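To keep things clear, I will list the structure first and then write my remarks on it.
2 protein chains.
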Amino acid sequence: MIFYDCSTAPSPRRARIWLAEKNVPHEIVQIDLAKGEQMGEDFRAVNPGCTVPALKLDDGTVLTENAGINAYLESAFPEPPLLGRTHEEKGLVAGWSSKIEVGGLLAVAEALRNSSPHMKDRALTGATNYAQIPELAERGLARLQSFFDMLNNHLEGRDYVVADHFTNADILAVVCVDFARIVKVKAQDHHENLIRWRTQLADRPSLSV
Amino acid sequence: MIFYDCSTAPSPRRARIWLAEKNVPHEIVQIDLAKGEQMGEDFRAVNPGCTVPALKLDDGTVLTENAGINAYLESAFPEPPLLGRTHEEKGLVAGWSSKIEVGGLLAVAEALRNSSPHMKDRALTGATNYAQIPELAERGLARLQSFFDMLNNHLEGRDYVVADHFTNADILAVVCVDFARIVKVKAQDHHENLIRWRTQLADRPSLSV
C-alpha cells in the first residue's frame, strides 16, 4: 500500500504512529504541504479532498481521513488492538478520541491556522481557501488551555487515557500535546498527571515518528 | 441501559437512529437543552462534558460522543452492521462519516450557533460558554453549500454514500441534510442525486425518530 504523508504535519503523524504500531509494510509518498503539493493535479487524482494522510490500498481503494485509515487498519491488522478490546473499551476509546480531536487537536489547528502569516487564507485544510478569523485563533487558545486542564484531571491515577493499555486515545493526546507547542501552549508545572503520562510514553518507538 | 436524549436536537438523533436500527432496548431520559438541563447537577454527574447524547450501560459505564456510542453498539449488537462489513468498507464508512461530520454537520452548527439570538454565548456545545463569532456563521453557510455540491456529486450512480447498503455515513448525511433547514439551506433543483438518495430513504423506519 502507498501512504501519502507529510513528515512535518500532525495529522499524518497519527497515521504514521498507527502504521508503526501495527508494523504494516508500506511505501511512502511525501506531499509537501508548505509547497502546496496537496493542491496539485497529481495528488488531487488520489484524494480530491486535498488532505493528508491518505492510504492507497493494493486494490486501488483510497482511504482518507485518519478515522478511515484507522478503521481499516484495526480491521485488517488487529494486533495490537488500538481501538479497544471489549465492547465497553471500544466505546470509551472512540468517545475519548472524539473529545481529544474536537477539544484538543481542532483547538490547536484553530489557533495556528487563524493567526500564522504563513497560513493566510488557509484557515481550514482542503481544496478551498478560507480567510483567517482572528477571534477563532483566540478561542482556540482558550479552549486548548481548558483541554490541558481537563486531560490532566482525567489522567489522575491512570497510565493511559482509556483502560490499562495504549490506544488511539493516547495517540491523539500525544499528537495534540506535542503539536500544541507550535502555538506556545505546553503542560505547566501543575499538570502533574499529564507530564507523568507523557514521560512514561517517551520511549515508545512508534511515537518517534 | 439509559439513553440521555434531547428529542429536538440533531446530535442525539444520530444515536436514536442507531438504537432503532439495532433494535436495542433502552430507557430514555430527556435532557431539555432549551432549558439548559445539560448544565444542571443531575446531568453533570452523568456526563461532566454536559453534552447529549450519552448512554449509560448496565454496569454503570457512561459512553459519550456519538463516536463512542456507535463503536459500543456496533461491537455489542453487530446486526445490522452500520460501520461496514469488510476491511475496506470499514475504512470507507469511517472516512466518509468524518468528512460529513466536519464538512456538513459542523458547518450547520457553526452557522446556527454563531447567529441565532437564542444561542448567545453558546457558540459551542459543552460546559463552557463561548461568544458567537459572526464570521464563523458566514463561513459555516459557505462551507455547507460546498458540502451539498460535493455530496450530490458523490451520490451520482449510488444508492448509498458507501457500498451497497445503509451505513453510518448515510445516517450522518440524513441528519445533516435535514438539520440544514434550520439555517435555510436545502437541496436545490440541480442536486438531483442528493434528492433521489434522500427520497429513497424516506420510508426507512429508523429515520422517523
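Those protein sequence lines, which keep their order, are chains R and F. The numbering used here puts the first residue of the first sequence at 37, with every later residue one more than the last. The numbering used here puts the first residue of the second sequence at 37, with every later residue one more than the last. No residue lacks a Cβ here, since even glycine has one placed at the ideal position from N, Cα and C. Model, not experiment: these values are computed from the prediction.
Secondary structure in the stretch 64 to 122 of chain R: the alpha helix (DSSP H) runs of 4 residues or longer, each lying completely within the stretch, are 77 to 82 and 101 to 112 in chain order. DSSP places F:Asp41 in no alpha helix (DSSP H) but in the uninterrupted beta strand (DSSP E) bounded by Ile38 to Asp41. For R:Arg179, the three-state secondary structure derived from DSSP is helix. Contact annotation, F:Gly131 with R:Gly104: C-beta distance approximately 3 Å; criterion of less than 8 Å satisfied. Per DSSP, reduced to three states, the secondary structure at F:Arg50 is helical. Rounded to whole angstroms, the gap between the alpha carbons of F:Tyr166 and R:Glu63 is 44 Å.
Within the same chain, Cβ atoms closer than 6 Å to the Cβ of R:Val197 are found at Trp132, Ala205, Asp206 and Ala209, the five residues on either side in sequence being excluded. Taking 8 Å as the upper bound for CB-CB distance, F:Val221 and F:Leu177 are in contact here, some 7 Å apart. Listed by position along chain R, the residues whose Cβ is nearer than 8 Å to that of F:Asn106 are Ala130. Beta bridge pairing from DSSP links F:Arg158 with F:Tyr166.
The contact set of R:Tyr166 on chain F, defined by CB atoms closer than 9 Å, consists of Arg175, Ala178 and Arg179 in chain order.
Of all C-beta pairs linking the stretch 171 to 187 of chain F to the stretch 223 to 242 of chain F, three or more are shorter than 8 Å, placing the two stretches in contact. Neighbours of R:Leu93 across chain F, judged by C-beta separation under 9 Å: His123, Glu124 and Gly127.
Proximity of F:Ile53 to chain R, defined by a Cβ-Cβ separation below 7 Å, is not satisfied.
Interface annotation for the stretch 52 to 82 of chain R against chain F: empty, criterion Cβ-Cβ distance under 8 Å.
Annotation: the continuous alpha helix (DSSP H) that includes R:Asn229 extends over Glu228 to Gln236.
Neighbourhood of R:Lys135 in chain F, by CB distance below 8 Å: Gly85, Thr100 and Glu101, in chain order. Each of R:Tyr40, R:Glu101 and R:Pro46 was checked against the Cα of R:Val245, and the nearest Cα belongs to R:Pro46. Leaving aside the five residues that flank R:Cys42 on each side, the residues in its chain whose CB is nearer than 6 Å to its CB run, in chain order, Pro48, Ile67, Leu69 and Val88. Per DSSP, the continuous alpha helix (DSSP H) segment holding F:Ala205 begins and ends at Asn204 to Phe215. The beta-carbon of R:Thr97 is placed less than 7 Å from the nearest beta-carbon of chain F. R:Arg217 sits exposed, since fewer than 16 C-beta atoms from the chains shown fall within 10 Å of its C-beta. Around the C-beta of R:Glu125, 16 or more other C-beta atoms lie within 10 Å, and the residue is accordingly described as buried. At least one beta carbon of chain F lies nearer than 7 Å to the beta carbon of R:Ile169.
The three-state reading of DSSP puts R:Gly193 in coil, since its state is none of H, G, I, E or B.
When only Cα atoms are considered, R:Gly76 and F:Pro114 end up about 41 Å apart. Between R:Ser134 and F:Glu101, the C-beta gap is smaller than 7 Å, which places the two residues in contact.
For R:Ala199, there is no enclosing alpha helix (DSSP H), as DSSP marks it with neither H nor E.
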